[in-house]
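Per the UniProt record's numbering, residue 1 is the first one in the sequence shown, and the count goes up by one each step.
Beta carbons: idealized from backbone N, C-alpha and C, even for Gly.
Quantities reported herein were computed from a predicted structural model and do not represent experimental measurements.
Following: one structure in structure tokens, then a few remarks.
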Amino acid sequence: MISLKNLEEAERLISENPMALLYLSRPDCGVCTAIRPKVEGLLKEYPRIRAGYVDLDQIPEAAGRFSVYTIPAILVYAEGKETVREARYISLDDLETRIARPYRFLFS
Numbered sequence: 001m002i003s004l005k006n007l008e009e010a011e012r013l014i015s016e017n018p019m020a021l022l023y024l025s026r027p028d029c030g031v032c033t034a035i036r037p038k039v040e041g042l043l044k045e046y047p048r049i050r051a052g053y054v055d056l057d058q059i060p061e062a063a064g065r066f067s068v069y070t071i072p073a074i075l076v077y078a079e080g081k082e083t084v085r086e087a088r089y090i091s092l093d094d095l096e097t098r099i100a101r102p103y104r105f106l107f108s
């Protein structure tokens, strides 16, 4: 998961990749810090998903652009369209199930 430096990098990640994941959080969020490595582990099963981390302290306008009102938030895009949105209480099993279907469709 790469750290994105600005909103344009986040937009580019979405538009230039068949499947992309944005992980939006803040460094002072304990839950966010605990879940991020688990999400990164999950992404190892889906190597063609390009993932980016958005630090909302550094890029506060991303919260408005992506309509994120609670953190952590995970947004998954397939061909530029949002297909998965998870926030606050994130079930990794549910997240994997919801990622697997569009992933198989795009890459099988």
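- Distances from the CA of Arg12 to each of Thr70, Val39, Ala51 and Leu24 were compared; the closest alpha carbon is that of Ala51.
- Arg98: member of the alpha helix (DSSP H) spanning Leu92 to Phe107, first to last residue.
- Of Gln58, Arg101, Tyr23 and Tyr53, the smallest CA-CA separation from Ile90 is found for Tyr23.
- A residue is called buried once 16 or more other Cβ atoms fall within 10 Å of its Cβ, and Tyr103 is buried on that count.
- The three-state reading of DSSP puts Ile35 in helix, counting H, G and I together.
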